[in-house]
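*Asks:*
Written out as structure tokens, the structure is:
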């Protein structure tokens, strides 16, 4: 199977998530009490984020050229600060949303980064019911809980539920020291609790590649990642990757099957530091995004057409989403020349700390409300613009969701759910119109008219809803004359005083792409609703949460209606077919 997966050992599931762990060196000398906050390396001359207290200048740096034996040295690491994380999980059921879902268990790795704070991967503790932490020298399991979780960068902070237990079991341990970016072809050591035994494991490898790539946990996010050839197996996820007694990464994913050999990935220090800085106020505010598509400008003729010298600098803006940070500022055909003073090469790369990385790495290190300076080329002249950065929410429809219950409305055997990645996968939806709304929700700004795209996902057979199977997996347009923009509208349309004129005795459901509506007799469906609930053991017939998309400022009112809506055409089957072909 040609896919990246997190490295997380699950003992009771047929399909295991693979939790990868990269190697890193950490300081763990015993002292009277742990130092406050994460232990982070001092800032370099390059623009690196450095949250929290700074360690003494004498601390070794991952950037200093040292021998291979020093790189692989973990003599100062106290393995009690690297813990086994055991998790019992409850998976949501997006196909039968009123059911509890499957139970499972697994284990990963974590490590101490501050007073009663353990860093691990988000996928290790996602959908958790119970979490226990164990250390090398103590068989006792300590009950823990999630303090902060960042699914967009696959990191989480844990704490023991009992401060007394932490004081008695971990008070003499010093948190691991978080260093910097390791160099290519330098030695790293991965420490964790992978499959093959119960005790701690140590593997060694080299840094093979530093690149901007996909994080498989969320399925949509891309961040800086480091490839290593150290053995990374299920159970390693969340463990430290060490170099010269410093943490230089967190093991988190690798390839499954026989796709690649000796290829694992770790989350590098810039991503770790940003997460720790973000949660200092007690909450996680997510990554920001300029929500702009760019095109490389490598063709000399294209550069001449834009009036650019053939100097290998600049990338062209294809689309700047109006709801993103660059909306109304950047325009199609603008050329980005530099970002925060870093020249942008025509392949979209910049140089930071001696390494060529994607230009988005500058955005990666900033927070909501921060600004970024851009130099652009527009209409034959240079201009300087400033973007205020914010989170881009519309892309979440294609993101894997965790720690949430499925939203749904069930009425008379008709099951309605909002489109998202979890639901689309659970129901294996292939309908053309529905796939269009899912695939182009952000790109075509479909969220402006339909903040939630609602589909009929199932019909539980009953005498009141016979012969309705052809309508399954279709997008809902209106119910009883009420426009369906949110899942709440579905509930209100069935249970409120809504009806189509001339059809007062019926529930009329109109679907996109279907000329004929779905019709239920109003009185019979009310009786059938209770009958269906009893027949299929339905404990509750709806679960509705306010969608995050309504947080877009200036786009929706308090009632969820679009402010200053633009008239948009409902896509036809022919138009959708053309879109798919393109």
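Residue numbers (our numbering): 1 to 582.
Even for Gly, the Cβ is constructed at its ideal location relative to N, Cα and C.
This structure is a prediction, so every number in the text was calculated from the model and none was measured.
(1) Skipping 5 residues on each side, what residues in its chain have a beta carbon closer than 8 Å to that of residue 283?
(2) Quick check: what's the CA-CA separation for residue 549 versus residue 155?
(3) Judging by CA-CA distance, which residue of 293, 458, 68 is the nearest neighbour of residue 426?
(4) What residue range is occupied by the uninterrupted beta strand (DSSP E) comprising residue 113?
(5) Determine the closest residue to residue 415 out of 509, 277, 322, with distance taken between C-alpha atoms.
(6) Per DSSP, what kind of secondary structure is residue 236 in: helix, strand or coil?
(7) For the stretch 169-180 against the stretch 246-260, do three or more pairs of beta-carbon atoms, one drawn from each stretch, fall closer than 8 Å, so that the two count as touching?
(8) Checking the sheet assignment: what are the DSSP bridge partners for residue 156?
(9) In whole angstroms, give me the CA-to-CA distance for residue 473 and residue 329.
(10) Ordered along the chain, which non-local residues of its own chain (more than five positions away) have a Cβ less than 8 Å from that of residue 527?
(11) Hey, how far is the Cα of residue 189 from the Cα of residue 546?
(12) Which value, in whole angstroms, describes the spacing of the CA atoms of residue 387 and residue 87?
(13) Considering Cα atoms alone, identify which of 385, 126, 303 is closest to residue 338.
(14) Would a C-beta distance cut-off of 8 Å place residue 332 and residue 322 closer than the cut-off?
(15) Which residue marks the beginning of the alpha helix (DSSP H) containing residue 166, and which one marks its end?
(16) Taking buried to mean at least 16 other C-beta atoms within 10 Å of its own C-beta, is residue 495 buried or exposed?
(17) Within the continuous alpha helix (DSSP H) that includes residue 524, where are the two ends?
(18) Contact check, residue 359 vs residue 348 under 8 Å by CB: the rounded distance?
(19) Are residue 481 and residue 499 touching if we call contact CB-CB under 8 Å?
(20) Give the range of the beta strand (DSSP E) segment to which residue 352 is assigned.
(21) Compute the beta-carbon to beta-carbon distance between residue 73 and residue 173, rounded to the nearest angstrom, for a pair I have assumed lies under 8 Å.
(22) Measure the Cβ-Cβ separation of residue 608 and residue 396 and say whether it is below 8 Å.
(23) If you scan the stretch 188-263 from start to end, which runs of the beta strand (DSSP E) of 3 or more residues do you find wholly inside it?
(24) Report all residues from its chain with a CB closer than 8 Å to the CB of residue 92; omit the five preceding and five following residues, and keep chain order.
(25) Report the three-state DSSP secondary structure of residue 382 (helix, strand or coil).
(26) Just the C-alpha distance for residue 468 and residue 371, rounded to the nearest angstrom, thanks.
(27) According to the neighbour-count rule (16 or more other Cβ atoms, all chains shown, within 10 Å of its Cβ), is residue 266 buried or exposed?
(28) With DSSP run on the structure shown, which of helix, strand or coil describes residue 289?
(29) Would you call residue 233 buried or exposed, if buried means 16 or more other Cβ atoms sit within 10 Å of its Cβ?
(30) Would you mind giving the Cβ-Cβ distance between residue 83 and residue 134, rounded to the nearest angstrom? I have them listed as a contact below 8 Å.
(31) Which one or two residues does DSSP pair with residue 296 in a beta bridge?
(32) Short check: CB of residue 211 to CB of residue 231, under 8 Å?
(33) Buried or exposed for residue 486, please, with buried defined as at least 16 other CB atoms from any protein chain shown within 10 angstroms of its CB.
*Replies:* The structure says:
(1) 148
(2) 23 Å
(3) 458
(4) 103-114
(5) 509
(6) coil
(7) yes
(8) 120, 149
(9) 38 Å
(10) 464
(11) 44 Å
(12) 41 Å
(13) 385
(14) no
(15) 163-170
(16) exposed
(17) 522-535
(18) 6 Å
(19) yes
(20) 349-352
(21) Not confirmed; about 19 Å, so no contact.
(22) Residue 608 is absent from the model: the chain starts at 1 and stops at 582.
(23) 201-214, 222-228, 240-243, 246-255
(24) 101, 127, 404, 405, 406, 422
(25) strand
(26) 52 Å
(27) buried
(28) strand
(29) buried
(30) 6 Å
(31) 315
(32) no
(33) buried
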